[in-house]
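Numbering that gives the first Met the number 0 numbers the first residue of the sequence shown as 0 and each following residue consecutively.
Take a look at the structure below.
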Amino acid sequence: MREERWVETEVKVRYAETDAQRVVYHGSYVVWFEVGRTEYCEAAGYPYPRMEAEGAQIVVVDLSARFRRPARYGDVVRVATRLAAIRSRGCTFSYRVLLPDGRIAVEGETVHV
């Protein structure tokens with residue numbers, strides 16, 4: 000199964016998420032992926048508290064990111080998230096971090112079991 004719907008979440012780049020050149024530190028994107036995933040699950044009607052109450056968890060076992068262009072301090076970026084694949088024992092989410100002008104800053108994926 001593959002979901003074509005993207006859920007977008009706005010994130011304003013905070014100073015703490017950047018390096019000395021005010022460019023977003025690569026580790027910040029991992030946090031934004033989680034923000035996007037949480038919002039996706041909420042929009043799909045299956046928020047994390049419900050998952051946990053039902054004994055379900057989606058543990059990250061693999062993560063990848065491709066950095067295309069920098070996001071900078073003060074930018075308002077959009078984290079677009081979709082469910083790329085669902086299997087009997089896991090799922091995969093895809094992410095795009097979009098700059099204010101709509102260009103892709105980062106593309107990524109997380110695999111869960």
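Every residue, glycine too, gets a C-beta built ideally from N, C-alpha and C.
Note that the structure is predicted; figures quoted are calculated from it, not measured.
message: Going residue by residue through the region 55-84, where are the continuous beta strand (DSSP E) segments of at least 3 residues, counting only ones entirely within it?
response: The DSSP assignment places 59-66 as complete runs of the beta strand (DSSP E) inside the region 55-84, in order along the chain (cut-off: 3 residues).
message: Can you tell me whether Y47 is helix, strand or coil according to DSSP?
response: It is helical.
query: Is the beta carbon of V105 less than 8 Å from the beta carbon of R77?
result: Cβ atoms of V105 and R77: not closer than 8 Å.
message: Below 8 Å on the Cβ atoms is my contact criterion, and I expect Y24 with Y72 to pass it. Report the Cβ-Cβ distance as a whole number of Å.
response: Contact check for Y24 and Y72: beta-carbon distance about 11 Å, past the 8 Å limit, so the pair fails to qualify.
field: Start-to-end residues for the beta strand (DSSP E) that takes in R95
entry: Run containing R95: G89 to L97, per the beta strand (DSSP E) assignment.
field: DSSP bridge partner residues for T8 (one or two, in chain order)
entry: DSSP lists V78 as the beta-bridge partner residues of T8.
task: Compute the distance between the beta-carbons of P46 and C40, then report whether it is under 8 Å.
output: Cβ distance < 8 Å, so P46 and C40 count as in contact.
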